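Take a look at the structure below.
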Amino acid sequence: MREIGNPAFEHEPQTGGAEPSVTETRKLRKTGNSYGVTLSRRALDAAGFSPEEPVSISVSPGCVTIRAAGGAYDATVEAGREALAQYRFALERLGG
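Going by the working numbering, the letters in the sequence shown line up with residues 415 to 510, in that order.
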C-alpha cells in the first residue's frame, strides 16, 4: 500500500564535512503477522547501508535503533551476554 500525498521529509545539513542527516516520518505497515517501515534511498545512503546488508535492531520503550550488524557494538553485546551466562549464579548471589 502506497502513502498518498507528500510524506514529511526534512533534510538537515551538518557542519564539518559530515554526511547530512535525514529525518523522515513514516508509517508502520502490516506485513503478514509483522510490521515494517520502508526507508528511502536517501536515508539508506546517509546511514551508509546497502539494501541487502544485515542489520541489528535494538528496542527500548519509544525507540527502535537500527545499526549495521557486526562490528564493535555487537561484539560488546555478545561478550556481555556470555559473561552474564557464565557468572549468573555469582551475580545473583551478590545482588541478593
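Built from N, CA and C at the ideal position, the CB exists for glycine as well. Computed from a predicted model, the values in this text were never measured in an experiment.
Segment limits, alpha helix (DSSP H) that includes residue i
i	result
residue 493	485-509
residue 455	455-461
Where the beta strand (DSSP E) through residue i begins and ends
i	result
residue 438	435-438
residue 476	Element bounds for residue 476: n/a, residue is neither H nor E.
residue 441	Note, residue 441: premise wrong, no beta strand (DSSP E); not H, not E.
residue 464	Where residue 464 is concerned, there is no enclosing beta strand (DSSP E), given that its DSSP letter is neither H nor E.
C-beta neighbour in chain D for residue i, strict 8 Å
i	result
residue 451	In summary, chain D is missing from the structure at hand, where a single protein chain is found.
Residues that residue i bridges to, as DSSP identifies them
i	result
residue 472	479
With 16 other Cβ atoms within 10 Å as the buried cut-off, status of residue i
i	result
residue 429	Confidence at residue 429 is low in this model, with a pLDDT of 46, below 50, so its placement is unreliable and no value can be given for it.
For residue j and residue i, believed in contact at Cβ under 8 Å, the rounded distance
i	j	result
residue 482	residue 469	6 Å
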